[in-house]
Each structure stands twice: as structure tokens, then as C-alpha cells.
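If you count by the numbering used here, then the sequence shown holds residues 87 to 167, one letter each, in order.
Cβ coordinates follow ideal geometry from the N, Cα and C atoms, glycine included.
Please read the structure below before turning to the comments.
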Amino acid sequence: MTKEQLFEWVDTGRELEFSYKGKDYSITYYNDDRKDFISFCEAYDETVDVATVDELWNSTYKGIKLSDMLSSIPEDKVDVF
87 MTKEQLFEWV DTGRELEFSY KGKDYSITYY NDDRKDFISF CEAYDETVDV ATVDELWNST
147 YKGIKLSDML SSIPEDKVDV F
């Protein structure tokens, strides 16, 4: 997926699920009564919580640059809810 596509999906509040190297991941959202967050995680594992798509795109997860991971996934392989 491109960064632009990720922006579009996040801006419209779409939740995402996809697989990368045999593991399942998701991007969801929550609000802690002060601020909205984007929550990225491997299924049933630790999360990375950020405030913006730019932060998400530039983050790392278990040593993997999320920009590398996300840009390698074809858009038709992302489940969008």
C-alpha cells in the first residue's frame, strides 16, 4: 500500500488487517479522552500507538520499519473495514 492510500484509509476511519511474512497485523483507533490514537499491532501482541499517519509510517515494530512493511503489501491484500 502507498503512504497516500494509508492516509486515505486512516482519514476515513477505516480499520485495516493484513498479513506480512506469515503474521497477521491490524491498524485500529482509540481515544483516551484527551487524544485520538492510531494503534498498530501484530495479532494478539504488543501495540505501537501513534497520533498521526506520518508517525506510523516512520515507526519501527520489532526492528521492522513500518514504511518498508506497509509499502510492500499490495492494496488488494489489505482487508478494509
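Residue environment, residue i, which counts as buried when at least 16 other CB atoms sit within 10 Å
{"i": "Phe126", "result": "buried"}
{"i": "Ile150", "result": "exposed"}
Pick from the options that is closest to residue i, judged by C-alpha positions
{"i": "Thr114", "options": "Tyr106, Lys107, Glu128 and Asp162", "result": "Glu128"}
{"i": "Gly99", "options": "Asn117, Tyr147 and Ser157", "result": "Asn117"}
{"i": "Arg120", "options": "Lys163, Asp162, Ala137 and Ile159", "result": "Ala137"}
{"i": "Lys148", "options": "Tyr106, Trp95 and Glu90", "result": "Tyr106"}
Sequence-distant residues of its chain with Cβ nearer than 6 Å to residue i (five each side left out)
{"i": "Glu103", "result": "Ser112 and Asp165"}
{"i": "Phe93", "result": "Val139"}
N-terminal and C-terminal residue of the alpha helix (DSSP H) that residue i is part of
{"i": "Ser125", "result": "Unbroken run through Ser125 is the beta strand (DSSP E), Asp122 to Glu128; no alpha helix (DSSP H)."}
{"i": "Val139", "result": "Val139 to Trp143"}
{"i": "Glu90", "result": "Lys89 to Asp97"}
{"i": "Ala153", "result": "Reading off the sequence, residue 153 comes out as Ser, not Ala. Leu152 to Ser157 is the span of the alpha helix (DSSP H), which, as asked, contains Ser153."}
Residue range of the unbroken beta strand (DSSP E) whose run includes residue i
{"i": "Phe104", "result": "Leu102 to Tyr106"}
{"i": "Asp135", "result": "Thr133 to Val136"}
{"i": "Lys109", "result": "Lys109 to Asn117"}
Neighbourhood of residue i by C-beta distance below 7 Å, restricted to the same chain and skipping five residues each side
{"i": "Val96", "result": "Ile124 and Val139"}
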